[in-house]
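Numbering (the numbering used here), first residue to last: 9 to 361.
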């Protein structure tokens, strides 16, 4: 998944975090103000101009996952609508060196556009420089290479409305607990602007909007492999927790395992991003109360659209943000479709019948 990417500390990301803390709104990796993805529209004349250009595109992904598949599908569909042929698609297996080789490989196809999520933004300039120097339009998910300037070196960044995701997680937790109770807070203990902003928005929502709820226990998670140990320590020290927030879905499964191991059916979990095992527990009435997901398919559509229209001279905004959805047992079918643009897995569909 994309959470693992680019866990680095930069002056820009720290400035972005300060802006977030001060304003309570999402900021991009370089402090950019978000523009709603829905605001990016094309005129019929622009669409025709793109179609007449006979442009091509390559999709150079960091890794493939449910999330990336949804982004990829959105990009494919928008390119097809605009008459742009996708000539290459790669999966770097979360390896920066492999991503560099992938760029070199797809450049042989001479694409007009490359869409990508940098594995390691700190070193990514050397990965994308061959494409940039050749005049390829670069569009990025979540982050851009260090040293790159929007409008000069790349078209735009598209990501989540991070504050909205954390805020909706806080609201979902409050709804699950009847707006009162003790909450555990497991946050991502690394300098990554995506998780940092989402986590802080959850905490801010609980502390400011729900006076009868209290964050009773906090624990940072730097290594997802340790999340079950962290959860076990938390529930041992605080057995009366009514809910636990977990920074994203994979470590939330470890927290779920710890609760099950303790025979705890009371404590509710709210986490971020869609995950089939987590959703299955949720629809079966288990510990998981809600999953907050972004509109991943829309990220792909928006990035493809912005990159395409840049080829005919229209300047994109520096940072577009897509909406998010709180997915519960009652809304899992619609939420899955809206986020990933596909039906829920059969096991989940069967469980909600």
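Yeah, the Cβ is synthetic: ideal placement off N, Cα and C, and Gly gets one too.
Bounding residues of the beta strand (DSSP E) (the contiguous stretch that carries residue i)
i: residue 258; result: Note, residue 258: premise wrong, no beta strand (DSSP E); alpha helix (DSSP H) at 257 to 269.
i: residue 92; result: Note, residue 92: premise wrong, no beta strand (DSSP E); not H, not E.
i: residue 113; result: No beta strand (DSSP E) contains residue 113, which is instead part of the alpha helix (DSSP H) from 104 to 114.
i: residue 280; result: 276 to 280
As assigned by DSSP and simplified to three states, the class of residue i
i: residue 33; result: coil
i: residue 196; result: strand
i: residue 253; result: strand
i: residue 144; result: coil
i: residue 63; result: coil
i: residue 221; result: strand
i: residue 98; result: strand
i: residue 292; result: coil
i: residue 311; result: helix
i: residue 323; result: coil
i: residue 248; result: coil
i: residue 351; result: coil
i: residue 176; result: helix
i: residue 119; result: coil
i: residue 272; result: coil
i: residue 233; result: helix
i: residue 82; result: helix
i: residue 362; result: The structure shown has nothing for residue 362, since the chain only spans 9 to 361.
i: residue 4; result: The chain is shown only over 9 to 361; residue 4 falls outside these bounds and no answer can be derived.
Closest by C-alpha distance to residue i, when choosing among the options
i: residue 102; options: 128, 135, 44 and 322; result: 128
i: residue 67; options: 130, 147 and 75; result: 147
i: residue 105; options: 116, 130 and 122; result: 130
i: residue 83; options: 305, 355, 260 and 351; result: 305
i: residue 293; options: 65, 215, 275 and 310; result: 275
i: residue 329; options: 173, 135, 360 and 114; result: 173
i: residue 182; options: 269, 238, 74 and 214; result: 214
i: residue 268; options: 153, 95 and 289; result: 289
i: residue 113; options: 96, 347, 333 and 299; result: 96
i: residue 63; options: 40, 91 and 52; result: 91
i: residue 253; options: 223, 234 and 307; result: 223
i: residue 124; options: 153, 142 and 117; result: 153
i: residue 310; options: 50, 258, 193 and 142; result: 50
i: residue 248; options: 212, 71, 282 and 185; result: 185
i: residue 196; options: 277, 226 and 118; result: 226
i: residue 308; options: 48, 35 and 335; result: 48
i: residue 259; options: 234, 241, 312 and 250; result: 234
i: residue 136; options: 117, 162 and 116; result: 162
i: residue 271; options: 244, 291 and 278; result: 244
i: residue 179; options: 352, 336 and 345; result: 336
i: residue 280; options: 318, 202, 323 and 357; result: 202
Residue burial classification, residue i (beta-carbon count within 10 angstroms, cutoff 16)
i: residue 219; result: exposed
i: residue 150; result: buried
i: residue 164; result: buried
i: residue 216; result: exposed
i: residue 29; result: Caution applies to residue 29, whose pLDDT of 40 falls short of 50 and renders its modelled position unreliable; the model cannot decide the point.
i: residue 53; result: exposed
i: residue 139; result: buried
i: residue 205; result: buried
i: residue 160; result: exposed
i: residue 339; result: exposed
i: residue 231; result: exposed
i: residue 107; result: buried
i: residue 36; result: buried
i: residue 361; result: exposed
i: residue 273; result: exposed
i: residue 126; result: buried
i: residue 93; result: exposed
Bridge-paired residues (DSSP) for residue i
i: residue 166; result: 149 and 328
i: residue 214; result: Answer by DSSP bridge pairing: none, since residue 214 is not bridged.
i: residue 226; result: 193
i: residue 243; result: In DSSP, residue 243 forms no bridge with anything.
i: residue 44; result: 329
i: residue 124; result: 68 and 148
i: residue 300; result: 280 and 334
i: residue 56; result: Bridge partners of residue 56: none, in fact.
i: residue 158; result: 162
Segment limits, alpha helix (DSSP H) that includes residue i
i: residue 358; result: 354 to 359
i: residue 348; result: 340 to 348
Residue i beta carbon near the ligand GDP (any heavy atom closer than 7 Å)
i: residue 281; result: Absence of the ligand GDP is noted for the structure shown, with no ligands found whatsoever.
Cβ of residue i within 8 Å of any chain B Cβ
i: residue 43; result: The chain labelled as chain B is not found in the depicted structure, where only one protein chain is given.
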